[in-house]
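Position one of the sequence shown corresponds to residue 62 (the numbering used here), numbered consecutively onward.
For each residue, glycine too, the CB sits at the ideal point set by N, CA and C.
To keep things clear, I will list the structure first and then write my remarks on it.
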Amino acid sequence: MATTTAAFEGDEGVLDRLLRPFGDVRAGEGATVLLLLANVFLLMAGYYICKTVREPLILAGGGAEVKSYAAAGQAVVLMGFIPLYSWFASRVDRMRLISGVLLFFIVNLELFWLGAKAGIPYLGVAFFIWVGIFNNAAVAQFWSYGNDLYRLEAGQRLFPVIGIGATVGSALGPWLAGKLFAAGVHAYSMLHITVVVLFACLGLFWLVEAREGARRQRGAAAPLEAGGGFALIARSPYLRLIALLIALLNLVNTTGEYILDRALLAEKSVLAAADPAFNSEAFLGAFKGDYFFWVNVVAIVVQALVVSRIVRYLGIAGVVLALPVVALGAYGAMGALGTLAAVRWAKTAENSTDYSIMNTARQILWLPTRREEKYK
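Have a look at this one:
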């Protein structure tokens with residue numbers, strides 16, 4: 062496996078000591094870890110702005126059922142997107158791959174804004190599908206890059222620390238979007254923030270690449286071997302098990318989101334009936350922004366204080382099993398209480414575990430795989 066570790070010989074620096082309370086950061090690793098942490102912080106903040114924006118657009122435009130159909134459409138679009146991504150990844154080195162994908166999404170965001178100005182119908186459905194593709198490409202690509210930098214031992218130590226950036230960014234994004242919704246800012250106008258964020262992420266990728274270049278094996282930056290992502294899964298029992306785990310977790314999570322959306326829309330209908338001037342888009346956007354914010358506040362605490370210790374003392378089995386246990390209790394509470402508040406806080410518990418402990422588990426599971434398997 063043509064990978065490298067960012068660890069190298071050197072004296073312990075200030076950054077190494079500052080990051081030490083959050084994980085086993087060793088001499089010389091702190092600067093790169095901090096750059097990666099900042100990168101994923103910005104990336105997740107931008108993603109969550111888009112994710113918060115999409116909720117009122119899809120719910121106000123068609124309801125929870127249309128959102129479920131759009132999620133199915135997202136899976137269909139992914140089946141076409143993945144082979145195209147694999148084809149591109151086989152023809153360029155990893156930095157051209159990362160740059161090309163981020164620039165592609167930057168252009169997309171501006172096209173959505175122009176489409177909203179032009180009044181294109183069903184744009185909310187298209188944007189919902191697009192956000193899922195963005196998550197499965199740009200966000201997943203960051204972790205593929207991290208997997209390419211670090212070997213198994215270093216990744217297990219450092220990913221919980223880098224993941225703090227992801228959880229903090231995931232809290233900032235919906236908080237900011239919720240405040241903008243409350244201030245009356247139009248949903249699509251918020252996409253310009255994500256454009257700026259993605260340009261900053263691109264710059265940070267190149268900074269990390271410049272820093273790690275002298276210590277990287279030449280093959281780590283080369284184009285990937287030919288072959289699509291689906292073919293790689295078909296050939297590898299390990300990848301098939303990862304795919305099955307992710308599919309089951311997504312099925313459970315999607316079911317919970319549908320329950321939450323139905324309860325939220327029922328509450329919206331009651332409020333709208335009582336007040337003719339009620340603003341549905343602002344209500345749904347503010348609710349979702351606050352909901353995502355608290356999900357990620359809890360995730361920050363868990364990521365910063367709990368995840369690295371679970372990895373250290375319970376290993377990969379502990380981090381993989383944490384989410385199913387929490388989800389079992391959460392759905393039991395939903396069934397017993399059934400109120401919007403109960404559903405919201407049950408989903409908060411489930412999603413905060415998913416975004417902290419389980420997110421780290423996903424990245425660790427990819428560490429022993431080949432470069433082609435990480436990216437495709």
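Just measuring C-alpha positions, the residue of W148, M156, G161 and V200 sitting nearest L104 is V200. Residue burial is scored here from C-beta neighbours: T400 has fewer than 16 other C-beta atoms within 10 angstroms and is therefore classed as exposed. A contact is defined here as three or more CB-CB pairs under 8 Å, and the stretch 315–322 meets this definition with respect to the stretch 402–411.
With at least 16 other beta carbons inside 10 angstroms of its own, L252 counts as buried.
Contact annotation: the stretch 380–400 does not touch the stretch 346–353, with fewer than three C-beta pairs closer than 8 Å. In the DSSP assignment, T409 falls within the alpha helix (DSSP H) that extends over L401 to T414. Three or more beta-carbon pairs drawn from the stretch 185–205 and the stretch 99–114 are found closer than 8 Å, and the two stretches are therefore classed as touching. Here I181 is exposed, its C-beta having fewer than 16 other C-beta atoms within 10 Å. Of L302, G91 and L233, the smallest CA-CA separation from V359 is found for L233. Distance from the CA of E116 to the CA of C262, rounded to the nearest whole angstrom, comes to 24 Å. Look at the beta carbons and you see the stretch 245–259 touching the stretch 165–178: at least three pairs across the two are nearer than 8 Å.
The stretch 154–161 makes no contact with the stretch 182–195; the number of CB pairs closer than 8 Å stays below 3. Taking 7 Å as the cut-off, the beta carbon of T113 is found no closer than this to the beta carbon of S417.
Approximately 5 Å separates the beta-carbon atoms of A347 and G239; this is inside 8 Å, confirming the contact.
Residues of the same chain with a CB within less than 8 Å of the CB of G245, apart from the 5 flanking positions on each side, are A343 in chain order. In the DSSP annotation of this structure, the continuous segment of the alpha helix (DSSP H) that includes F203 starts and ends at A201 to L210.
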